[in-house]
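Engineer: Protein chains in written order, with my numbering: chain A, 6 to 119; chain B, 1349 to 1569.
From the three backbone atoms N, C-alpha and C, an ideal C-beta is built for every residue, glycine too.
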């Protein structure tokens, strides 16, 4: 999945790095210093529907061509995350205990059209 | 929000950079709090001493908790009657309830002073809540007994099933140490043996199952 370039109107991954200092949360989140908050946005024309990006199989490619050449019944396709990964956090809870945990599905790695 | 669009992420007005940044920061706060099952950011009223924190973090081996397996918690003790001449102290831990109910691994870290006179027997009790009757004593349950032979840090394994905190999340441990059976000479020399100040503060290391429904053992099935 391409990262978003200004001129790309199509579905893509929009990368943002959030530093916990910016949130004023460095006092209770010990590690890491920040994390990637990426999200998906952009258009999903019909011939891209169901194409999860570089992982598209040959079948998906043919399927897309068929859709592009046929007036496909209007069913919307959405730009959504197709791959995520967890984020490990080390933080202080309100009792001053140190907690180490993995929060699932926190970082979007790839986007595609549903 | 896409106006009238069934796919909000496909259309909608492109935001000005500063507005998008403000939105991203707001999203980040919400995402982190939801991920940690918190309704608001914790207010740290009792931050642990930096040196104790650094030393304790060194104990958290990287990767010691498999991703998605749960949490690892380090809780620093509040020591009462630290002035006791030996190492019989009461340690109080403030855990978020009912965190300790899901512990599957527990170790108590203690730092013994060089004044340790030979081998000592250290018994660790969990203290129950105070009974209603005025003047009554807390019940206590023996959790573990260890032999202390050398000064320095000791990681004492405790049965995680015995670590039930009170509803308030407070866990009280009572340490009793004394000479081994039949070794009377040690008992006759009262001196401070347990280091409780500053970065040598005792702490509890807990490994806890994830507390979302449907994870953990159920997944193994």
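If you pair each beta-carbon of the stretch 27 to 42 of chain A with each one of the stretch 88 to 103 of chain A, do three or more pairs fall below 8 Å?
Structural biologist: Touching, yes, given that three or more Cβ pairs across the two stretches are closer than 8 Å.
Engineer: Pair every Cβ in the stretch 1370 to 1380 of chain B with every Cβ in the stretch 1514 to 1524 of chain B, then say whether three or more of these pairs are closer than 8 Å.
Structural biologist: No, the stretch 1370 to 1380 of chain B does not touch the stretch 1514 to 1524 of chain B.
Engineer: Pull the bridge partners of residue 1555 (chain B) from the DSSP assignment, please.
Structural biologist: Answer is B:1420, B:1453.
Engineer: I'd like the span of the beta strand (DSSP E) that includes residue 1475 (chain B), first residue to last.
Structural biologist: Unbroken beta strand (DSSP E) run through residue 1475 (chain B): 1468 to 1475.
Engineer: Looking only at its own chain, which residues have a Cβ that is under 7 Å from the Cβ of residue 44 (chain A), when we skip the five neighbours before and after it?
Structural biologist: Only 19, 113 meet the Cβ criterion.
Engineer: Can you tell me which of B:1406, B:1484, B:1401 puts its alpha carbon nearest to the alpha carbon of residue 1425 (chain B)?
Structural biologist: Of B:1406, B:1484, B:1401, the residue nearest in Cα terms is B:1401.
Engineer: Going by alpha carbons, who is nearest to residue 1461 (chain B) out of B:1478, B:1481, B:1492, B:1497?
Structural biologist: Cα-wise, what sits closest to residue 1461 (chain B) is B:1497.
Engineer: Give a yes or no on contact between the stretch 1450 to 1470 of chain B and the stretch 1488 to 1505 of chain B, applying the rule of three or more CB pairs nearer than 8 Å.
Structural biologist: As far as the Cβ criterion goes, the stretch 1450 to 1470 of chain B touches the stretch 1488 to 1505 of chain B, which means the pair count is three or higher.
Engineer: Give the secondary structure of residue 1383 (chain B) by DSSP, where H, G and I count as helix, E and B as strand, and everything else as coil.
Structural biologist: Helix at residue 1383 (chain B).
Engineer: For the beta strand (DSSP E) that residue 1504 (chain B) lies in, which residues bound it at each end?
Structural biologist: From DSSP, the beta strand (DSSP E) with residue 1504 (chain B) extends over 1500 to 1506.
Engineer: For residue 1504 (chain B), which residues from the same chain have a beta carbon less than 8 Å from its beta carbon, with the 5 sequence-adjacent residues on both sides left out?
Structural biologist: If we look at residue 1504 (chain B) and ignore the five residues flanking it on each side, its Cβ neighbours are 1455, 1456, 1457, 1458, 1470, 1472, 1492, 1494.
Engineer: With a threshold of 7 Å on Cβ separation, who are the neighbours of residue 46 (chain A) within its own chain once the five nearest residues in sequence on each side are excluded?
Structural biologist: Result list for residue 46 (chain A): 19, 84, in chain order.
Engineer: Is any beta-carbon of chain B found at less than 7 Å from that of residue 77 (chain A)?
Structural biologist: Note on residue 77 (chain A): pLDDT 49, under 50, position unreliable in the model; the coordinate value appears next. Output row for residue 77 (chain A): interface = no.
Engineer: What's the gap between the Cα of residue 1572 (chain B) and the Cα of residue 90 (chain A)?
Structural biologist: This structure cannot speak to residue 1572 (chain B), because chain B is shown only from 1349 to 1569.
Engineer: Run through DSSP, which three-state label would residue 1370 (chain B) get?
Structural biologist: Three-state result, residue 1370 (chain B): helix.
Engineer: By the 8 Å beta-carbon criterion, what residues does the stretch 84 to 116 of chain A contribute toward chain B?
Structural biologist: Flagged, chain order: 84, 85, 91, 92, 93, 94, 95, 96, 97, 98, 99, 100, 101, 102, 103, 104, 105, 106, 107, 108, 109, 111.
Engineer: Starting from residue 114 (chain A), trace the alpha helix (DSSP H) both ways and give me its first and last residue.
Structural biologist: Here residue 114 (chain A) belongs to no alpha helix (DSSP H); instead the beta strand (DSSP E) covers 103 to 118.
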